[in-house]
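The listed protein sequences derive, respectively, from chains W, E and Y. Each position in the first sequence, counted from 1, maps to that position plus 846 in the working numbering. Each position in the second sequence, counted from 1, maps to that position plus 846 in the working numbering. Each position in the third sequence, counted from 1, maps to that position plus 846 in the working numbering. Using N, Cα and C, we set each Cβ at its ideal position, and we do this for glycine too. As structure tokens, the structure follows; a few thoughts come after it.
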Amino acid sequence: MKKSLREIAELIGGEVVGNGSIEIEGVAGIEEAGKGEITFISDKKHLFLLETTQASAVIVSCEIKKARVPLIRVENPYFGFSQVTRILVPYQKPTEGIHPSAIISEGVDLGKGVSIGARSVIEEKAKIGDNTIIYPLVYLGKGSRIGRDCIIYPQVMIREGVEIGDRVIIHSGTVVGSDGFGYIPHEGKQYKVPQIGKVVIENDVEIGANVTIDRATLGKTWIKKGVKIDNLVQIAHNVVIGEDSIIVAQVGISGSTEIGKGVTLAGQAGLAGHIRIGDKAIVGAQAGVTKSVPPNTIVSGYPARPHTQAKRIEASILRLPELHKLVRELKKRLEELEKKR
Amino acid sequence: MKKSLREIAELIGGEVVGNGSIEIEGVAGIEEAGKGEITFISDKKHLFLLETTQASAVIVSCEIKKARVPLIRVENPYFGFSQVTRILVPYQKPTEGIHPSAIISEGVDLGKGVSIGARSVIEEKAKIGDNTIIYPLVYLGKGSRIGRDCIIYPQVMIREGVEIGDRVIIHSGTVVGSDGFGYIPHEGKQYKVPQIGKVVIENDVEIGANVTIDRATLGKTWIKKGVKIDNLVQIAHNVVIGEDSIIVAQVGISGSTEIGKGVTLAGQAGLAGHIRIGDKAIVGAQAGVTKSVPPNTIVSGYPARPHTQAKRIEASILRLPELHKLVRELKKRLEELEKKR
Amino acid sequence: MKKSLREIAELIGGEVVGNGSIEIEGVAGIEEAGKGEITFISDKKHLFLLETTQASAVIVSCEIKKARVPLIRVENPYFGFSQVTRILVPYQKPTEGIHPSAIISEGVDLGKGVSIGARSVIEEKAKIGDNTIIYPLVYLGKGSRIGRDCIIYPQVMIREGVEIGDRVIIHSGTVVGSDGFGYIPHEGKQYKVPQIGKVVIENDVEIGANVTIDRATLGKTWIKKGVKIDNLVQIAHNVVIGEDSIIVAQVGISGSTEIGKGVTLAGQAGLAGHIRIGDKAIVGAQAGVTKSVPPNTIVSGYPARPHTQAKRIEASILRLPELHKLVRELKKRLEELEKKR
């Protein structure tokens, strides 16, 4: 798609500096961008690149008044660039309609403008909302519901009894609704606890690739509005994740743990079961969280502790070899004194 | 399904207190259960909820003699409840038979009552035992064997040369029999070591979603009877896991390591290759195990150490900043003494 | 396949000691091998097994001159054995050609001798090179390219805009080209950053099972020549991995991080974003790497530090309880001295 710089500026609510009639047809990073492409600078320390960039235009923050290249000035250049990207490189919807090789079982309820890809299997009584896109080789279990304007990438597996809201994106290889991991030891054997609960995923959630979200034992595993989940994350049965929380790759959340709103769990963090992470808390990468965390708290380390304490302990540990040495020396001097007495 | 409280009590070997003729048709947690539903209390500290629950009946331990609601008294209430769940909410078998879109190659040997779902691909000479259920979009490799009464969920991948016992459950996205990770450096390049061994999975094993189990280089990767494996676990080539062991989510077990019987590996633990974990040992969450662990031992930490030692060291670390301070103070006082001399 | 010991020795460039005319038809480990099988010893401490092995022949290093069984002497016995394995147990190619149930969309460009398995879906304008094998239930996105002599196992998902070189192997459940994890906070909401970059995988790369490789935001996520990636690894958007590096299972690499040539990342290690790991560096298992690592350096621990420092700190920590005790004792003795004064 081609647009003039002026048109782009209008669409993203920015102000043009320089020639607004030049045509832009692509986006790229500041060092790769060439003729016909627009780029951005969001960090002041990259401003010097304005002198050398080959881009036809640059999106910058309002503090920048002028440059040798045409500019669009906006409040948040990265956000503006991101909007431009979506305009110039629109998401390529697959062909609308039901591929003849898709299997649509009895009683399936399809909205308007739904796409279902080749070889996908939609089980009985499943429901898919308007304009939702199901890529090839997807499985949607009996009676499960997906809202409108969702994108379900190839090879996603959604089992029976799963409820998914609107504008949800699920990436490939992700499994939603597998059995929770629950056994009862009885007379020396492990018996499986039936997992008859469901999974509820609310509006505007995005889930990465090869994620696992187990169904609840009873009740529901619950991913609330606006949650973003990265790849290879484990979400056990009956976990609740509050609105707009961010779960980075390879995090593991054990059964029945409750995550508040606006929480960030950094990569590879592990959370014990039956604990609560307060609103807006931040859990550091690889942290091992064994107890509940109050709201607005940063924890890190293994086991996880308040971040400032973790840093202080960290520093003491670094000085440990030196401490050992000092104590040995003090001991010698003390013995010296004791002898002289 | 509906049953009277008396019928239920008989089926699970419990004793009714109160009106045994009331009808029960569902199960729920103590705080969610309503009319027509049965629930349970296994922890004494929740007994006060007997006063307020809306459930029609509660399964309790034999110590409880009477309550305002009808009871079933059993030895292990959670186990009893779990049995009731399976009775009232039976597993919904998919339609028996081979879906016309499944691909059954030459020489495949199918038992009685086998279900094979849409779009599944069963390669030559594979064998599937009586009453086993293969969901849609499953791949079963050449000559592989699955026993009877197994459940293989959608999108499971089982490569050639895999042997699976009876009553095995494998959840979606799991890969069994991928090549082990083995290379030989030779004249500055990495050469792939052919992985020609197999995978053997014994009876009553359950494997979670998106697990990876590599085939052996030579011989077999071996998951013994009754082992339970959670989601996103990595099991490398030639690993052996002893009977009834429990492997929690995101654990990684390196090549040729041997896990004893009744072992528990908690979430995100990592085990080095070529070590042995003794029977009934417990490895803590996120532990990094670099050496063999004797039987009946609890280890934790990074690197993993006997749990009591790890706890003692943990406590010393917490008091480190204070120790630094104390040593500084002692030093000053010592200098004081030295000067006075 | 059957071969005489002499033929085998010639094929791997070794020297026979003993009867070269015996026939060999299989391979096995030293303790399992029986009649008709060849095995190997690469570690001197296993040489005593030459006395008891039931194998018909053993591959050994040149230092060994003679034994009670026929030998093949080579420089690197494990490498030699690995070559013999490939000769006696050749990779079983699936039937050549396009399975009638595969879906080949318009404008797909297929090389000579390509195999495409049942139910695979190849989208428009994708390109597959000569002799490449695509197993069943694979998804290959629009316009993506795979080189020659590749093996793509069942249920691999390759999205649009992915470029794969020659002799690449990708194991089941792996997802290549899913969206990078990027959001911009704007007026209290998270907005998705469009991920319009690609993934480039060069020649001779092998990728394990259930791996996730995200596409770049802009530009490319780039896996260079000869890289070997184990199972369940997370590779975020815009990561670059240098030639011949080894990435062990469950490692996570955050966005825009650059890994040099010949690097080893051991199991479950986690790397922060926007850092650089120098050529031939080694990152220990479970290490948490928060800063760039210079070339030829070994780091370990959490947070990762140079290995010798990590070891020294580790040792000081082990002696901590004893240090606490010693300091308490010194304090008492000091007080004694102070009193006497």
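Cutoff 6 Å; reference residue i; Cβ partners in own chain excluding five residues on either side
i: His1036 of chain W; result: Reading the sequence as shown, one finds Gln at residue 1036 of chain W and not His. Result list for Gln1036 of chain W: Tyr1029, in chain order.
i: Glu861 of chain W; result: Arg919
i: Ile1092 of chain E; result: Lys1074, Thr1110
i: Arg991 of chain E; result: Lys973, Glu1009
i: Ile1069 of chain E; result: Ile1047, Val1051, Ile1087
i: Met1003 of chain W; result: Tyr985, Val1021
i: Thr899 of chain W; result: Ile876
Contact with chain Y by residue i, beta-carbon distance below 8 Å
i: His1032 of chain E; result: yes
i: Asn1142 of chain E; result: no
i: Pro916 of chain E; result: no
i: Asn1049 of chain E; result: no
i: Ile1163 of chain W; result: yes
i: Leu983 of chain W; result: yes
i: Asn841 of chain W; result: Residue 841 of chain W lies beyond the range of chain W shown here (847 to 1187); nothing can be said about it.
i: Ala1127 of chain E; result: no
i: Ile1121 of chain E; result: no
Nearest to residue i (by Cα), restricted to the options the options
i: Ile944 of chain Y; options: Y:Asn1049, Y:Arg1174, Y:Asp955, Y:Ala964; result: Y:Ala964
i: Val960 of chain Y; options: Y:Thr1067, Y:Leu983, Y:Val1021, Y:Asp995; result: Y:Asp995
i: Glu969 of chain E; options: Y:Ile974, Y:Tyr981, Y:Gly975; result: Y:Tyr981
i: Gly1134 of chain Y; options: E:Tyr1148, E:Val1135, E:Lys1071, E:Lys848; result: E:Tyr1148
i: Gly1101 of chain Y; options: Y:Glu1089, Y:Val1094, Y:Gly1088, Y:Asn1084; result: Y:Asn1084
i: Ile1159 of chain W; options: E:Gln1155, E:His1153, E:Glu1181, E:Leu1166; result: E:Leu1166
i: Val1079 of chain E; options: Y:Lys1066, Y:Asn1056, Y:Ile1099; result: Y:Asn1056
i: Glu1033 of chain Y; options: W:Ala1062, W:Leu1117, W:Asn922, W:Gly866; result: W:Asn922
i: Ala855 of chain E; options: E:Ile1015, E:Arg1174, E:Ser928, E:Leu895; result: E:Ser928
i: Lys1188 of chain W; options: W:Gly875, W:Lys891, W:Ile870; result: Any property of residue 1188 of chain W remains undetermined from this structure, which presents chain W solely from 847 to 1187.
i: Pro1141 of chain Y; options: Y:Leu1183, Y:Glu1168, Y:Ala1127, Y:Gly1026; result: Y:Ala1127
i: Thr1058 of chain W; options: E:Arg1061, E:Gly1054, E:Thr1058; result: E:Gly1054
i: Gly890 of chain E; options: E:Val906, E:Thr898, E:Ile884, E:Gly1065; result: The sequence shown places Lys at residue 890 of chain E, rather than the Gly named in the question. When each option's Cα is compared against that of Lys890 of chain E, the closest is E:Val906.
i: Leu934 of chain E; options: E:Leu851, E:Lys1044, E:Glu1089; result: E:Leu851
is_contact[residue i, chain E] using C-beta, thresh 8 Å
i: His1170 of chain Y; result: yes
i: Lys1038 of chain W; result: yes
i: Asn1056 of chain Y; result: yes
Proximal residues to residue i (C-beta, below 7 Å), its chain only, five neighbours per side dropped
i: Gln1114 of chain E; result: Gln1096, Val1097, Ala1131, Gln1132
Residue span of the alpha helix (DSSP H) that contains residue i, given as start and end
i: Lys1185 of chain Y; result: 1166-1186
i: Gln923 of chain Y; result: The identity of residue 923 of chain Y in the sequence shown is Pro, whereas the question assumes Gln. Unbroken alpha helix (DSSP H) run through Pro923 of chain Y: 923-934.
Neighbourhood of residue i by C-beta distance below 8 Å, restricted to the same chain and skipping five residues each side
i: Lys939 of chain Y; result: Ser961, Ile979
Chain W within 8 Å of residue i, Cβ atoms only
i: Asn1077 of chain Y; result: no
i: Arg965 of chain E; result: yes
i: Tyr1148 of chain E; result: yes
i: Val904 of chain E; result: no
i: Leu1180 of chain Y; result: yes
i: Gln1114 of chain E; result: yes
i: Ala820 of chain Y; result: The displayed coordinates of chain Y run from 847 to 1187. Any statement about residue 820 of chain Y would go beyond what the structure contains.
i: Leu956 of chain E; result: no
First and last residue of the uninterrupted beta strand (DSSP E) at residue i
i: Glu856 of chain W; result: Unbroken run through Glu856 of chain W is the alpha helix (DSSP H), 851-857; no beta strand (DSSP E).
i: Ala1062 of chain E; result: It is not in any beta strand (DSSP E) - Ala1062 of chain E carries neither H nor E in the DSSP assignment.
i: His1120 of chain Y; result: Where His1120 of chain Y is concerned, there is no enclosing beta strand (DSSP E), given that its DSSP letter is neither H nor E.
i: Tyr1148 of chain Y; result: It is not in any beta strand (DSSP E) - Tyr1148 of chain Y carries neither H nor E in the DSSP assignment.
i: Gln1036 of chain W; result: 1035-1038
i: Arg919 of chain W; result: 917-920
i: Lys1044 of chain W; result: 1044-1047
i: His1032 of chain E; result: 1029-1032
i: Thr885 of chain W; result: 883-886
Legend entry - Residues of the segment 925-952 of chain E with Cβ closer than 7 Å to any Cβ of chain W, in chain order: Phe925, Ser928, Thr931, Arg932, Val935, Ser947
Inset, instruction - Could you run through the segment 1009-1033 of chain W and flag, in chain order, every residue whose CB is less than 7 Å away from some CB of chain E? - result: Gly1019, Val1021, Ser1024, Asp1025, Phe1027, Tyr1029, Ile1030, His1032
Legend entry - chain W contacts made by the segment 1098-1111 of chain E, where a contact means CB separation under 7 Å: Cβ contacts with chain W come from no residue of the segment 1098-1111 of chain E.
Inset, instruction - Anything in the segment 1085-1099 of chain Y with a Cβ closer than 9 Å to a Cβ of chain E? List those residues in chain order, please. - result: Asp1090, Ile1092, Val1094, Ala1095, Gln1096
Inset, instruction - Mind checking the segment 1129-1141 of chain Y against chain E and listing, in chain order, the residues whose C-beta falls within less than 8 Å of any C-beta there? - result: Listed in sequence order: Ala1131, Gln1132.
Inset, instruction - Name, going along the chain, the residues of the segment 885-913 of chain E whose beta-carbon falls closer than 8 Å to a beta-carbon of chain Y. - result: none
Legend entry - Where the segment 1063-1075 of chain Y meets chain W: residues whose CB sits under 7 Å from a CB there: Leu1064, Gly1065
Inset, instruction - Compile a chain-ordered list of the residues in the segment 982-1004 of chain Y whose CB is closer than 7 Å to at least one CB of chain W. - result: Leu983, Tyr985, Gln1001, Met1003
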